[in-house]
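Line by line, the protein sequences give chains X, E and F.
In terms of my numbering, the first sequence has 127 at position 127, counting the first letter as 1, and numbering is strictly consecutive.
In terms of my numbering, the second sequence has 272 at position 272, counting the first letter as 1, and numbering is strictly consecutive.
In terms of my numbering, the third sequence has 105 at position 105, counting the first letter as 1, and numbering is strictly consecutive.
Okay, so here's the structure we're looking at.
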Amino acid sequence: MLRLEGIGKRFGGLTALSGITFSVIEGSITGIIGPNGAGKTTLFNVATGIYPPSEGAVLLGEKNISALPPERRARIGLVRTFQNIELFGKMTVLENVMVGLHTQSKCGFLACSLRMPWQMSEERRIREKALEWLDFVGIPDLADVEAGALPFGKGRLLEIARAMALEPKILLMDEPAAGLNSRETAELAELIKKIRDLGVTVALVEHDMDLVMDICDQIVVLNLGTMLAQGTPREIQENPEVIAAYLGESED
Amino acid sequence: MELLQFVISGLATGSIYALIGLSFAIIFNSTGIINFAQGEFVMLGGVLTICAITLLKLPLLAAILAAVAGTTLVGIIFERFAIRPLKNATPLSLIIITIGASILIRGVVMLLFGKDTQALPAFSGTTPIEVGSATLLPQHLWIFGVTILVIIGSRLFFHHTITGKAMRACSFNRRAASLVGISVWRMVLLSFVISSALGSLAGVIIAPLTMTAYDVGVMLGLKGFCAAIMGGMGSGLGTVLGGLILGILESLGAGLLSSGYKDAIAFFILLLILFVRPQGLFKKGETERV
Amino acid sequence: MAKKKKVALKSDKIKFLVFCLVVLLAPLPFAKGYLSNVLIFVGVNSMLALGLNLLLGYAGQISLGQAAFFGLGAYGSGVLTTQFTMNPWLAMVLVAVSVALFAFLIGFPVLKLKGHYLAMATLGVGIIANIAFNETVDLTGGPSGLSGIPNLSIGGFTFDNDLKNYYLVWGFALVAILLSLNLVNSRVGRGLRAIHDSEVAARVMGVNARIMKVQVFTFSALISALAGSLYAHVVTFISPTSFSFAVSVELLTMVVIGGLGSVYGSILGALLLTLLPELLRAFQDFDIIVYGLLLISMTIYLPGGLVRGIPELFRRLVPARRGNA
Ligand SMILES: Nc1ncnc2c1ncn2[C@@H]1O[C@H](COP(=O)(O)OP(=O)(O)OP(=O)(O)O)[C@@H](O)[C@H]1O
Ligand SMILES: [Mg+2]
Chain X
1 MLRLEGIGKR FGGLTALSGI TFSVIEGSIT GIIGPNGAGK TTLFNVATGI
51 YPPSEGAVLL GEKNISALPP ERRARIGLVR TFQNIELFGK MTVLENVMVG
101 LHTQSKCGFL ACSLRMPWQM SEERRIREKA LEWLDFVGIP DLADVEAGAL
151 PFGKGRLLEI ARAMALEPKI LLMDEPAAGL NSRETAELAE LIKKIRDLGV
201 TVALVEHDMD LVMDICDQIV VLNLGTMLAQ GTPREIQENP EVIAAYLGES
251 ED
Chain E
1 MELLQFVISG LATGSIYALI GLSFAIIFNS TGIINFAQGE FVMLGGVLTI
51 CAITLLKLPL LAAILAAVAG TTLVGIIFER FAIRPLKNAT PLSLIIITIG
101 ASILIRGVVM LLFGKDTQAL PAFSGTTPIE VGSATLLPQH LWIFGVTILV
151 IIGSRLFFHH TITGKAMRAC SFNRRAASLV GISVWRMVLL SFVISSALGS
201 LAGVIIAPLT MTAYDVGVML GLKGFCAAIM GGMGSGLGTV LGGLILGILE
251 SLGAGLLSSG YKDAIAFFIL LLILFVRPQG LFKKGETERV
Chain F
1 MAKKKKVALK SDKIKFLVFC LVVLLAPLPF AKGYLSNVLI FVGVNSMLAL
51 GLNLLLGYAG QISLGQAAFF GLGAYGSGVL TTQFTMNPWL AMVLVAVSVA
101 LFAFLIGFPV LKLKGHYLAM ATLGVGIIAN IAFNETVDLT GGPSGLSGIP
151 NLSIGGFTFD NDLKNYYLVW GFALVAILLS LNLVNSRVGR GLRAIHDSEV
201 AARVMGVNAR IMKVQVFTFS ALISALAGSL YAHVVTFISP TSFSFAVSVE
251 LLTMVVIGGL GSVYGSILGA LLLTLLPELL RAFQDFDIIV YGLLLISMTI
301 YLPGGLVRGI PELFRRLVPA RRGNA
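See below:
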């Protein structure tokens, strides 16, 4: 589905990523773990086109998408959520999701300013769609709240609803469980499985090991910008290098 | 040769643009703010000096000192009451606020000192000095001298004093700077002090050549900004070179093409650089640090 | 929920109709007087402020060069109708289209810039335009201005007095307001607001930020150019000072005072800032001091502008009274 080939990224003198190569298999959940500053978020930024890679290529299906801007990647099904939630704070929850439906509607400047009949019906359609996605993540009652006023956990759910509204082929989630309590995390795990069951391939960065081990089919471990290991949760848990570099460290 | 004459006057105005450019860069580097009121500091320098001479009957040197001090005070008040109250300000609100300050300062000066264009007497007479086929005014020498002194002084300050180094540290990384115990707010205030003093000084030394009035700040400020952009918003030689190039181009353009479009030249250059090389003329490669 | 939205839509419509009614009746008390003259300029300024607000308040992109588009509209119509005796309506359309095209073309490089750099670039465009108005003396008359611009007329009906011009200008303004209201509550409007809040997130959601910014820039230039044409035909004499940097700043002040990101806020701002200089006439030139103070204090203390600030104040006062009772 998504394939990263020899991705490297440098910021001035700092090498944030080098030689990252792995595939995310269609229909699976892939976890990307690694200590703080390992380069996980940078990897997502490169994958979604926010940063150009210094070297390497990003492939979606068979297609090399390295040169596409983020909005084009979104249109062909590559969507993400953010580590520090990036909601449209001054818009309502519903409107946030409606922005997610941007690619599935097409009324332009003229049709919108003249309020053409087909624009009205398109508007109705995406409004209903947006409500369905709010329902899907379990916050339909918050539709009219200003997104900036949401509590953190609900904000995360809204980000997921907004991303799902694009009906992505692959969804990248950057630390979806950060800042959630244990009940919310459990609900999140269910939600992610539900997303996978819709046929969406998922890749997530996460520090919550229980969550990762529970839901992921494949895990990639990054450390200091390089790939340390790749395998099933079981293999990763038993990999001595990983234990030394990562799991060991978190026990300190 | 007329050309030499154009180059001389270009170098003189270019020096002024360089000084103003440096004063832009100092605030930008410590705060990330492009101060739209910067030109008003320049205007204040000239206008306040004239006032000190005519109203307070001060001798020239004392008048200049008073004007620079007065402008600096305005800079401090500005920072304290317009910039500091806004924590976590967006670039947009900072732009609006500094524009507000700019027209406020201009308006007050107009109200207090009137709309007339006034000239400051030249510092040491107006007997021209022959340089080959061209002439040089004593005031030109003053401008070159002051500019060179300022460049050397700021180099020494930013690279060889503790305070100067602390200010540079702030510009690289504010959070890290505050972690090692540098008071960021003090540095911001200091940058306003230095910048307004520098701007007003530029305004004082140019006033005998070009006359001054309450509304000269806009153009001078914008051209100084243009110089700073050419130099990549650094507080070093790039900005100085930018200012000189701009000054010469302008003077040549005015002399050889048409004086009416003189001011447009600076803005064409400004747009060209913003579109093509936003990192400035002399910096190489992109530095994508966020 | 859906019902709620319908109610909201309906109340939007009612609001607009009430507004139209107010506009329609406003000049009646002073039909012949001086005020309806001022109210014409409120209309022109409303269009200009609205154009800027779409760009700045919704899409979050600043422009300090709006006066350039205003001036291009005015001079375009003025020059074509006086020097080339073109039909004013044809000239108006031609000019509006050309200015929009111009904005579209410069929009790509200009709107690639952000924040301060964008502000400076648009300012540069504005100043270059103003220099051009001053220097192309053969066409524009230079600093001494261009006179003899004809009033507009349809068939035998000429817009030759304040009241007629008032309805002419406000007719255009109301259309601009209606289109803008439609726009901001649509897919495009949401895209623009999303760009304002977080450009990165908007792009990741598939919003083509670059194109959208250029589109709204073009639209705002178009409204400004139309306002310029109307202005030229109403006052019949134009000079470069009406399209200077100071005017761009004045427009900025209108938008900030009325309310960034509010269509009606733009109108309120235009109204206040057009009337203010008239009220301050006693203290000549006092106005820029007031503008300066307003820009600073509004940004610090009332960033939502008056349209949001006044209802806020009411809400704070009313429960307090109830509490006492
Ligand atoms: N825009 C940037 N400019 C310069 N350096 C950057 C930039 N973005 C990231 N970095 C650096 O790249 C490295 C990797 O950062 P990244 O955010 O990808 O880590 P991460 O694995 O997501 O960490 P965390 O678990 O804390 O989220 C860090 O050293 C960071 O400072
Ligand atoms: Mg991260």
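No residue lacks a Cβ here, since even glycine has one placed at the ideal position from N, Cα and C.
Do you know how far the Cα of residue j is from the Cα of residue i?
i, j, result
"A197(E)", "G34(X)", "51 angstroms"
"K13(F)", "F19(F)", "10 angstroms"
"T352(E)", "I20(E)", "Summary: the structure shown does not reach residue 352(E), with chain E confined to residues 1 through 290, and so no result is reported for it."
"G309(F)", "T103(X)", "35 angstroms"
"A67(F)", "G148(X)", "34 angstroms"
"I8(E)", "G260(E)", "20 angstroms"
"L220(F)", "L54(F)", "The displayed chain sequence assigns Ser, not Leu, to residue 220(F). In a straight line, the C-alpha of S220(F) is about 7 angstroms away from that of L54(F)."
"M230(E)", "V42(F)", "40 angstroms"
"V290(E)", "G125(E)", "Because V290(E) carries a pLDDT of 30, less than 50, the predicted location of this residue cannot be relied on, and the following value inherits that uncertainty. If I take the Cα positions, the gap works out to 51 angstroms."
"S248(F)", "G224(E)", "21 angstroms"
"R203(F)", "L61(E)", "58 angstroms"
Return the first residue and the last residue of the beta strand (DSSP E) that residue i is part of.
i, result
"I33(X)", "I29 to I33"
"S18(X)", "L14 to V24"
"D174(X)", "I170 to D174"
"N181(X)", "That residue, N181(X), is in no beta strand (DSSP E); it is neither H nor E in DSSP."
"T212(E)", "It is not in any beta strand (DSSP E) - T212(E) carries neither H nor E in the DSSP assignment."
"M227(X)", "T226 to G231"
"T241(F)", "Counting along the chain, T241(F) falls outside any beta strand (DSSP E), and DSSP gives it neither H nor E."
"N223(X)", "Q218 to N223"
"R80(X)", "L78 to R80"
"V200(X)", "Looking at the DSSP string, V200(X) is not in any beta strand (DSSP E), and its letter there is neither H nor E."
Once you ignore the five residues that flank residue i on each side, which residues in its own chain have a CB closer than 6 angstroms to its CB?
i, result
"I50(E)", "Q118 and L120"
"S239(F)", "G145"
"I20(X)", "L4, I7 and M227"
In the DSSP assignment, find the unbroken alpha helix (DSSP H) run with residue i in it and report its ends.
i, result
"R72(X)", "P70 to R75"
"A69(E)", "L60 to F78"
"G224(E)", "G217 to M230"
"F152(X)", "F152 to M164"
"V247(F)", "F245 to G258"
"F84(F)", "F84(F) -> no alpha helix (DSSP H), and no H or E assigned at all."
Less than 7 angstroms separating the Cβ of residue i from some heavy atom of ligand 1?
i, result
"G56(X)", "no"
"Q61(F)", "no"
"G181(E)", "no"
"F11(X)", "yes"
"L171(X)", "no"
"G49(X)", "no"
"L211(X)", "no"
"A16(X)", "yes"
Hey, is residue i close to ligand 2, as in C-beta under 7 angstroms from one of its heavy atoms?
i, result
"K40(X)", "yes"
"D174(X)", "yes"
"Q83(X)", "yes"
"V205(X)", "yes"
Leaving out the 5 sequence neighbours to the left and right, which residues in its chain are closer than 8 angstroms to residue i when beta-carbon positions are compared?
i, result
"P70(X)", "T48, G49 and I50"
"L150(E)", "It should be noted that the sequence gives Val, not Leu, for residue 150(E). So the qualifying residues of the chain are L19, L22, L198 and L201."
"V184(E)", "C170, R174, A177 and S178"
"I192(X)", "I29, M173, P176, V202, L204 and I215"
"N223(X)", "G34, P35, A38, A245 and Y246"
"A166(E)", "A177, I182 and M187"
"L2(X)", "S23, V24, A47, V58, L59, L60, L78, I170, T201 and A203"
Per the DSSP calculation, residue i is bridged to which residue(s)?
i, result
"A225(F)", "For A225(F), which the question treats as bridged, DSSP gives no partner whatsoever."
"R3(X)", "S23(X) and L59(X)"
"I129(E)", "L136(E)"
"S153(F)", "T158(F)"
"E250(E)", "Per DSSP, none; premise fails for E250(E)."
"K194(X)", "Its beta-bridge partners do not exist; DSSP assigns none."
"K9(X)", "L17(X)"
"E146(X)", "T92(X)"
Please list, in chain order, all residues of the same chain as residue i whose beta carbon is under 7 angstroms from its beta carbon, the five residues on each side excluded.
i, result
"V97(X)", "A130, W133, L134, A161, R162 and A165"
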